[in-house]
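First comes the structure, then the notes that go with it.
This is the structure in structure tokens:
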């Protein structure tokens, strides 16, 4: 199970997905994606940060940067150190159940045309099977391919849980059970999230606004026909998110 980048899809326009965040280490190496939900708060997948936290390594978040590989400075791009990492207390590193973490930044970011906040879904709202939503990330362009380091996007269909479980079990040796905290999307050949997109946002259009429906959690390979990817169901964690922010939003 690779920590799930966008394969297929296309380059997005600078600032088009202005809540996209990049997690980077002290050596300025790209680690994972994330979503900006408050000027001091970023949501990502827990698997992106567990080992860094265990080893006491600093993590930084970069926003407003369409192309991480470019030497040119991007106007509006900002980097903040992560002050505190809140990994979900029931995160399971084996099954990737509750694969969610909330990062508090040292000092808020300035919102601008390329840096914005994404709306959270209603508590308990379920993505609709068949609906097409957009996943974005900086990750690899395909299994064994180069890493993009530019924001790319792919539109993927939401897959019904039972259908997804059957499709993943057709290609894995270990029995996969869908956690209540996850959902699936994709399964179209050559169109998917891939390694390096982990923690990145999937957004769905709800009443004309994009909502953060999911975070890239894991997949079996990427862009394989009939093998959907697994996403964190953000609506299952609204109470947890709100509680942490309300207690620590000083």
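Residue numbers (UniProt numbering): 1 to 250.
Note that beta-carbon positions come from the ideal geometry of N, C-alpha and C, so glycine has one too.
Query, Result
"Where residue 63 falls, given that 16 or more other Cβ within 10 Å makes a residue buried", "buried"
"Span separating the alpha-carbon of residue 190 from that of residue 152", "14 Å"
"Rounded C-alpha distance that separates residue 82 from residue 49", "11 Å"
"Three-pair Cβ contact test at 8 Å for the stretch 211 to 228 versus the stretch 158 to 173", "yes"
"Sufficient close CB pairs (3 or more, under 8 Å) joining the stretch 73 to 80 to the stretch 194 to 203", "no"
"Local conformation of residue 239 per DSSP, three classes", "helix"
"Sequence-distant residues of the same chain with beta carbon closer than 7 Å to residue 31, five excluded per side", "23, 24, 25, 48"
"Start and end residues, beta strand (DSSP E) containing residue 182", "182 to 186"
"Sequence-distant residues of the same chain with beta carbon closer than 7 Å to residue 247, five excluded per side", "none"
"Environment of residue 84 [buried if 16+ CB atoms lie within 10 Å]", "exposed"
"Beta-carbon proximity check, residue 18 vs residue 114, cutoff 8 Å", "yes"
"Stretch-stretch touch, CB-based, cutoff 8 Å, three pairs: the stretch 27 to 44 with the stretch 116 to 132", "yes"
"Exposed unless 16 or more other CB atoms sit within 10 angstroms - verdict on residue 57", "exposed"
"Length of the line joining the Cα atoms of residue 158 and residue 95", "21 Å"
"Buried or exposed (CB count within 10 angstroms, at least 16 for buried), residue 43", "buried"
"Integer Cβ distance of residue 100 from residue 237, believed to fall under 8 Å", "5 Å"
"Range covered by the alpha helix (DSSP H) that runs through residue 50", "46 to 54"
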